[in-house]
Amino acid sequence: MATPPSFTIRDIPVYGDAVLAPMSGYSDLPFRSICRELGSAMSYTEFVPAPGILARAEAVWRRLLFAPDERPITFQIFGAKEDELAEAARRMEQLGPDIIDLNMGCYADTVALHGAGAGLLCESAKIGGIFKKLTRAVSVPVTGKIRLGWDDATRNHTTVARTLEDNGASLIAVHGRTKAQAYKGRADWDAIAEVKVAVRIPVLGSGDVKTPADIERMKQYTGVDGVMIGRAAIGNPWIFARRERRDVPFGEAADMIRRHLSLSLEFYGLAEGFSLFRRHAHKYIFAIPMADSLRNALANARSPESVLDTLGAYEAGMVAVS
Ligand SMILES: Cc1cc2nc3c(=O)[nH]c(=O)nc-3n(C[C@H](O)[C@H](O)[C@H](O)COP(=O)(O)O)c2cc1C
């Protein structure tokens, strides 16, 4: 008998309950591909600005490239103006995403103080209008990613969640912190549970899922349909295969670093590919004891060759001492 999906986004089945969170500067095509192979159930692009889409900025459009086996693929957009968002979504749909998502969680002042990202949470009626328009503008499902509110005094996650559902959203992802919290404190899983109870559409929980056991723990605690994993997946894509990081042998981690490097160079070219890869490289070494020198060498490597040499030397040293 065929395995049933874990949840469906309108008519799109999703098989699996752990998803790589959208992360600007990290969840690009090379890293998403790695995470999908290891079990991330769907893909979200990094967020892209609606004005950049309308201005046809090449760097913005490039963030929407995806591999066919990433499906279901969600394109995430941010912006503050209803008409701009709708027109940008219409244009993005031409690239063939399965889903379009609106970011209502970015806490950066450069975004939120201009009424985009978490700035939208201050105006739930406006969110309703945007979703009404977006869902009419495109034929694919439209989803939203939110935080709990602007600050502790104005937490409005259940109101926003119901507004999204009432205006056609097909899924809500919720990061259990407010804009004012940024990443401080612990994600409030009770509040994530409140969002799940407030709506009938599927809900993904986000915030502080750090180990394979946390995936099940968050699902049990909050009742969500699936979880997003962000920071804990950087340098540790094996979390999607439900493997403990300490159980991944060094040789396998080294192979993954080489693979990530090669995917990054292939996708971006040398200069940009190497610079973006370096953000990830030292994170792969994070959990390895006694590897400070390797971590520093990777963080400061100046060329792909020096990464490969450093890894090779470290592996040879390990063989020599074992
Ligand atoms: C470097 C970084 C970039 C992020 N960029 C985005 C983004 O583009 N869109 C978005 O919805 N959330 C973004 N987030 C938030 C994550 O998707 C996630 O909700 C948050 O990190 C909490 O989950 P975690 O504890 O698993 O990291 C970003 C987070 C980080 C750390």
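Under our numbering, the first residue of the sequence shown is numbered 213, with each subsequent residue one higher. The beta-carbon is built from N, C-alpha and C at its ideal position, and this holds for glycine as well.
(1) With distance defined between alpha-carbon atoms, name the residue in T434, R454 and V436 nearest to K422.
(2) Label R244 either buried or exposed according to how many other C-beta atoms from any shown protein chain fall within 10 Å of its C-beta, with 16 as the threshold for buried.
(3) Is the Cβ-Cβ distance between M235 and G419 less than 8 Å?
(4) Give me the residue from F479, D504 and R429 with the minimum Cα distance to A271.
(5) Run the CB neighbour count on R275, radius 10 Å, all protein chains shown included, and call it buried at 16 or more, exposed below.
(6) Scan the segment 232-297 and note each continuous beta strand (DSSP E) run of 3 residues or more that stays entirely inside, going in chain order.
(7) Considering only residues of the segment 349-406, which uninterrupted alpha helix (DSSP H) runs meet the minimum length of 4 residues and lie entirely inside it, listed in chain order?
(8) Answer with buried or exposed for M440, where buried requires no fewer than 16 other C-beta atoms within 10 angstroms of its C-beta.
(9) Can you give me the Cβ contacts of A330 inside the same chain, cut-off strictly under 7 Å, excluding the 5 residues immediately before and after it?
(10) To the nearest angstrom, how far is it from the Cα of R507 to the Cα of D295?
(11) To the nearest whole angstrom, what separates the beta carbons of I339 and L297, a pair I think is in contact under 8 Å?
(12) To the nearest angstrom, report how far apart C334 and T370 are at their CA atoms.
(13) I need the straight-line Cα distance from R471 to G485, nearest angstrom please.
(14) Determine the contact status of R353 and I311, defining contact as a CB-CB distance below 8 Å.
Taking the structure as given:
(1) Checking every option, the nearest Cα to that of K422 belongs to R454.
(2) Counting other Cβ atoms within 10 Å of its Cβ, R244 reaches 16 or more and is therefore classed as buried.
(3) The Cβ atoms of M235 and G419 do not sit closer than 8 Å to each other.
(4) Checking every option, the nearest Cα to that of A271 belongs to F479.
(5) With 16 or more Cβ atoms within 10 Å of its Cβ, R275 is classed as buried.
(6) Runs of beta strand (DSSP E) with 3 or more residues, each lying fully within the segment 232-297, are found at 255-261 and 285-290, listed in chain order.
(7) For the segment 349-406, the continuous alpha helix (DSSP H) assignments of 4+ residues that do not extend past its boundaries occur at 369-378, in sequence order.
(8) By the Cβ neighbour-count rule, M440 is buried, with 16 or more other Cβ atoms within 10 Å of its own.
(9) Closer than 7 Å at the Cβ level, and outside the excluded window around A330, lie M316, G317, C318, Y319, A324, R359, W362 and K391.
(10) Rounded to the nearest angstrom, the two C-alpha atoms are 47 Å apart.
(11) With a beta-carbon spacing of about 11 Å, I339 and L297 fall beyond the 8 Å limit used to define contacts.
(12) Using only the alpha carbons, I get a separation of about 13 Å.
(13) Those two C-alpha atoms are separated by around 12 Å.
(14) Here residue 353 is Pro; the residue named in the question, Arg, does not match the sequence. By the CB criterion at 8 Å, P353 and I311 fall inside the cutoff.
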